[in-house]
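Asker: Residue numbers (our numbering): -14 to 114.
Cβ coordinates follow ideal geometry from the N, Cα and C atoms, glycine included.
1. Taking its Cβ as the centre, do 16 or more other Cβ atoms sit within 10 Å of residue 77, making it buried, or is it exposed?
2. Between the stretch 34 to 47 and the stretch 4 to 11, can you find at least three pairs of beta-carbon atoms closer than 8 Å?
3. How should residue 15 be labelled, buried or exposed, when 16 other C-beta atoms within 10 angstroms of its C-beta is the threshold for buried?
4. Are the stretch 77 to 97 and the stretch 52 to 62 in contact at 8 Å, needing three or more beta carbon pairs?
5. Beta-carbon separation of residue 17 and residue 98 under 7 Å?
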């Protein structure tokens, strides 16, 4: 079976572009979710590149489950934890006690999500080089 790591990484980059487009359009909840997806797919790409399968959707966990020979900075795992908060609540009206997701996310959150996802993608690219 072919290694699809490059396909996952290319899609991660495209998802990050989608996050930027959503942010520019004021759809900050979708920018946050797309950034989370970008980071998740990038880390999955690295797992595949290393010949292992990755399960789940939590970026921080996927980073922690990389082999010991991959030096994952602690702050990158923490940034993954921030992104993990956008996986469900940014999409579903019942993700917050009241109000639809778009009322809970703004430019500060989407900028941070895009920045963190970009740093995770850059880390993955460095490791896959």
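Answerer: In short, the structure shows the following:
1. By the Cβ neighbour-count rule, residue 77 is exposed, with fewer than 16 other Cβ atoms within 10 Å of its own.
2. The stretch 4 to 11 is not in contact with the stretch 34 to 47.
3. Label assigned to residue 15: buried.
4. Counting Cβ pairs under 8 Å, fewer than three are found: no touch.
5. Residue 17 is a Cβ neighbour of residue 98, given a cutoff of 7 Å.
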